[in-house]
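Colleague: Before we start, here is the structure in question, set down as structure tokens.
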Amino acid sequence: MSIFNQKSKFKVKTEVRTVRQAVAPKPKPRPHPSAAPPSSTTSAKSRKNGLLSAPSSRASPKPPSPYPSPRPTEASSSSGARKRRTGSSRSPASPSFSDSEDEDDDWEDSLDARKRMKRAHEAQQPSDPNRVVRHPKLWTGAGVDEADVARLPMIHASRFASLEQKCQPVLGLAPDDARVKLQYPGARHPERYELVWGKDKIDAIKDITTVVNFVASTYLVDEEADFLVNQNTGICRKLERSKNTNDGVAFKAALREYNERVLSLQRQGTIGRNLDAMHGLPRDLVAFVLDQVYDRTVAPKVDLLAKYENGTDNVYGELLHPFISDFLERTKAKSDQVFVDLGSGVGNVVLQAALEIGCESWGCEMMENACGLAEAQQKEFSARCRLWGIAPGKVHLERGDFRKNEKILSALKRADVVLVNNQAFTSQLNDNLVNMFLDLKPGCKIVSLKTFVHDNKIAENDVATSILEVEHLTYPEEYVSWTSASGTYCISTRKG
Numbered sequence: 219m220s221i222f223n224q225k226s227k228f229k230v231k232t233e234v235r236t237v238r239q240a241v242a243p244k245p246k247p248r249p250h251p252s253a254a255p256p257s258s259t260t261s262a263k264s265r266k267n268g269l270l271s272a273p274s275s276r277a278s279p280k281p282p283s284p285y286p287s288p289r290p291t292e293a294s295s296s297s298g299a300r301k302r303r304t305g306s307s308r309s310p311a312s313p314s315f316s317d318s319e320d321e322d323d324d325w326e327d328s329l330d331a332r333k334r335m336k337r338a339h340e341a342q343q344p345s346d347p348n349r350v351v352r353h354p355k356l357w358t359g360a361g362v363d364e365a366d367v368a369r370l371p372m373i374h375a376s377r378f379a380s381l382e383q384k385c386q387p388v389l390g391l392a393p394d395d396a397r398v399k400l401q402y403p404g405a406r407h408p409e410r411y412e413l414v415w416g417k418d419k420i421d422a423i424k425d426i427t428t429v430v431n432f433v434a435s436t437y438l439v440d441e442e443a444d445f446l447v448n449q450n451t452g453i454c455r456k457l458e459r460s461k462n463t464n465d466g467v468a469f470k471a472a473l474r475e476y477n478e479r480v481l482s483l484q485r486q487g488t489i490g491r492n493l494d495a496m497h498g499l500p501r502d503l504v505a506f507v508l509d510q511v512y513d514r515t516v517a518p519k520v521d522l523l524a525k526y527e528n529g530t531d532n533v534y535g536e537l538l539h540p541f542i543s544d545f546l547e548r549t550k551a552k553s554d555q556v557f558v559d560l561g562s563g564v565g566n567v568v569l570q571a572a573l574e575i576g577c578e579s580w581g582c583e584m585m586e587n588a589c590g591l592a593e594a595q596q597k598e599f600s601a602r603c604r605l606w607g608i609a610p611g612k613v614h615l616e617r618g619d620f621r622k623n624e625k626i627l628s629a630l631k632r633a634d635v636v637l638v639n640n641q642a643f644t645s646q647l648n649d650n651l652v653n654m655f656l657d658l659k660p661g662c663k664i665v666s667l668k669t670f671v672h673d674n675k676i677a678e679n680d681v682a683t684s685i686l687e688v689e690h691l692t693y694p695e696e697y698v699s700w701t702s703a704s705g706t707y708c709i710s711t712r713k714g
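Below, the structure is given as structure tokens:
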């Protein structure tokens, strides 16, 4: 029997705890569609109805859940992941393009929205002077090795949304004219897209315009971004107008102009200088990059995560993107620290901590299918960070039981923040974790869905009570994948 379930034989003074509620973020005004990329992750709707579904409207299995929640969940033993953004990067049920040019009247509003987004980005960026944002392999125009261009192991969007997959050309384009390339700010390697539509496929037009908007809002100062955001001649306006008027020729021309200008900025050193001046990344850019990774690796194989064993600890539950950002901020995680996720599933949280904070990030997972997808994500994550020119912290994904993995046990001794999504863990596994926490250094923060300290236990005989100081918190709605309701979690601090 677990020591958590034993009844106390001693009378002790009742512990008084302070319960604080995490304040939900205030809703932000919705910008004009042409103004800026979405600020939340791709396909929130798909995650609301199941524990893990594809990061858009892609259908995914919803097996029964052992989680005590009003919504079904899916399987595996992950400790959490991001919520996909509303305003999916994938195609809606049917394409819609307007022939109207009335958007001209709203262009000034779009510019204002872009300014608001830029200010929001600056406010989002963590205050960490030690954070290095610039990728060490940032391309600055010093030669073009076409062989190197071909070697970057990235997964192109055209692999999942193309004419070969029976998608239909959009913007009035003929099938032979649907292929385009998109330049990113960090590498010479363009991504291949096809301007097509297909149900539950990556939405090339939305993906492309989102990347362009991020370049304008994050990588360039106002004067440098004028060629993108100018209300009369800006490329963003050209892209939006050509989309609304169903003019594929104009859209492709604006995209070619963008590609050429970005390459020129790279050669001039503008991108590099601006990244050198940054010490953090906006959360919405982090979320978008991670969603690009997920859409190209996990989403096409999401059915693999539906296989799990009832009654075990191998249950897959996800903490969504805003939740992860919040606890990273609350625990004051920094780029020179160590983060460990015990039960990391497909690696979502490990990758987010590495990109958002820039810290050394570890994860351990024992389910074979989840491990395979995690490794695929790590490979694409490395390529995407190079495309964007941003340097993440070092990522280490381990296979096996985290109670026995020597590398994980060693990392725990150095850890500053530990995540344990123990929502469905057995009492025996929670007891094992408490014993593992004995090796944590004083001050280490442990984020968990359930507390390791219980009222019916005696301080003299209870390891958890003697080594952990617990803060009980409440998370808002839409913060976890197994329910849309709010709930409680804990941040425990290892006592000295």
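Using the working numbering, read the sequence shown as starting at 219 and increasing by one per residue.
Ideal Cβ positions, reconstructed from N, Cα and C, are used throughout, including at glycine.
Taking DSSP as the reference, what is the three-state secondary structure of Glu689?
Modeller: Reading the sequence shown from its first residue, position 471 is the one you call residue 689. Looking at Glu689 - three-state DSSP - the assignment turns out to be strand.
Colleague: Classify Ala396 as buried or exposed, calling it buried when 16 or more other Cβ atoms lie within 10 Å of its own Cβ.
Modeller: Working through the sequence shown from its first residue, we reach residue 396 at position 178. The residue is buried, with at least 16 neighbouring Cβ atoms inside 10 Å.
Colleague: Under three-state DSSP, which class holds Ile575?
Modeller: Position 357 of the sequence shown, counting from 1, holds the residue named residue 575. Of the three classes helix, strand and coil, the one that applies to Ile575 here is coil, per DSSP.
Colleague: Which residue's Cα is closest to the Cα of Val681: Lys659, Phe670, Leu499?
Modeller: As a working mapping, residue 681 is identified with position 463 in the sequence shown. Here the closest residue by C-alpha is Phe670.
Colleague: Given a threshold of 16 other Cβ atoms within 10 Å of its Cβ, counted over all protein chains shown, does Val230 qualify as buried or as exposed?
Modeller: Residue 230 sits at position 12 when you count from the first residue of the sequence shown. Confidence in Val230 is poor, its pLDDT being 37 and thus under 50, which makes the residue's placement unreliable; the coordinate value appears in the next sentence. Label assigned to Val230: exposed.
Colleague: Once the 5 residues before and after Val430 are set aside, which same chain residues still bring their CB inside 7 Å of it?
Modeller: By one-based count along the sequence shown, residue 430 stands at place 212. The answer, listed in chain order, is Leu446, Ile453, Cys454, Leu457, Tyr476.
Colleague: Does Ala633 pass the burial test, meaning 16 or more other C-beta atoms within 10 Å, or should it be called exposed?
Modeller: Position 415 of the sequence shown holds residue 633. It counts as buried.
Colleague: State the DSSP-derived secondary structure class of His407, mapped to helix, strand or coil.
Modeller: Taking the first residue of the sequence shown as position 1, residue 407 is located at position 189. His407 falls in the coil class under three-state DSSP.
Colleague: Could you tell me the alpha carbon to alpha carbon distance between Asp619 and Leu658, rounded to whole angstroms?
Modeller: Position 401 of the sequence shown, counted from the start, is the residue given in the question as residue 619. Position 440 of the sequence shown, counted from the start, is the residue given in the question as residue 658. Their Cα atoms are separated by approximately 18 Å.
Colleague: Let me check one thing: in DSSP terms, what residues is Ser427 bridge-paired to?
Modeller: Here residue 427 refers to the residue found at position 209 of the sequence shown. Before going further, note that residue 427 is Thr rather than Ser in the sequence given. Bridge partners of Thr427: none, in fact.
Colleague: What is the DSSP secondary structure of Ser274, reduced to helix, strand or coil?
Modeller: Taking the sequence shown and counting its residues from 1, one reaches residue 274 at position 56. Low per-residue confidence applies at Ser274: pLDDT is 33, beneath 50, and the placement is therefore not dependable, though the value from the model is reported in the following sentence. Ser274 falls in the coil class under three-state DSSP.
Colleague: Take every Cβ of the stretch 508 to 525, pair it with every Cβ of the stretch 580 to 592, and state whether three or more of those distances are shorter than 8 Å.
Modeller: At 8 Å Cβ cutoff, the stretches touch.
Colleague: Can you tell me where the alpha helix (DSSP H) with Lys710 in it begins and where it stops?
Modeller: Locating residue 710 in the sequence shown gives position 492, where the first residue counts as 1. Residue identity check: residue 710 is Ser in the sequence provided, not Lys. Looking at the DSSP string, Ser710 is not in any alpha helix (DSSP H); the run it does join, the beta strand (DSSP E), is 705 to 712.
Colleague: Would DSSP call Glu616 helix, strand or coil?
Modeller: For the purposes of this step, residue 616 is identified with residue 398 of the sequence shown, where counting begins at 1. Strand.
Colleague: Tell me whether Cys385 sits in a helix, a strand or coil according to DSSP, three-state version.
Modeller: In the sequence shown, counting from the first residue as 1, residue 385 sits at position 167. Cys385: coil per DSSP, three-state reduction.
Colleague: Measuring CB to CB, does Val568 end up less than 8 Å from Val613?
Modeller: Your numbering for residue 568 matches position 350 in the sequence shown. Your numbering for residue 613 matches position 395 in the sequence shown. Against a cut-off of 8 Å, the Cβ pair of Val613 and Val568 comes out as a contact.
Colleague: Quick check: what's the CA-CA separation for Lys399 versus Ser710?
Modeller: Along the sequence shown, one-based indexing puts residue 399 at 181. Along the sequence shown, one-based indexing puts residue 710 at 492. The straight-line gap from Cα to Cα measures roughly 48 Å.
Colleague: Are the beta-carbon atoms belonging to Val638 and Gly561 less than 8 Å from one another?
Modeller: Counting from 1 along the sequence shown, the entry for residue 638 is found at position 420. Counting from 1 along the sequence shown, the entry for residue 561 is found at position 343. Yes; because the gap between Cβ atoms is below 8 Å, this pair is in contact.
Colleague: What's the gap between the Cα of Ala601 and the Cα of Val564?
Modeller: Counted from its first residue, the sequence shown places residue 601 at position 383. Counted from its first residue, the sequence shown places residue 564 at position 346. If you take the alpha carbons of Ala601 and Val564, they lie about 17 Å apart.
Colleague: Since Ala405 contacts Arg604 with CB under 8 Å, what's their CB separation in whole angstroms?
Modeller: For the purposes of this step, residue 405 is taken as residue 187 along the sequence shown, with counting starting at 1. For the purposes of this step, residue 604 is taken as residue 386 along the sequence shown, with counting starting at 1. Contact flag correct, Cβ pair sits at about 5 Å.
Colleague: Please classify Arg369 as buried or exposed, where buried requires at least 16 other C-beta atoms within 10 Å of its C-beta.
Modeller: Position 151 of the sequence shown holds residue 369. Classification of Arg369: exposed, given that the 10 Å Cβ count is below 16.
Colleague: Compute the Euclidean distance between the alpha carbons of Asn653 and Leu647, then round it to the nearest angstrom.
Modeller: Position 435 of the sequence shown, counted from the first residue, corresponds to residue 653. Position 429 of the sequence shown, counted from the first residue, corresponds to residue 647. The straight-line gap from Cα to Cα measures roughly 10 Å.
Colleague: Between which two residues does the beta strand (DSSP E) harbouring Leu400 extend?
Modeller: Position 182 of the sequence shown, counted from the first residue, corresponds to residue 400. Here the beta strand (DSSP E) through Leu400 covers 397 to 400.
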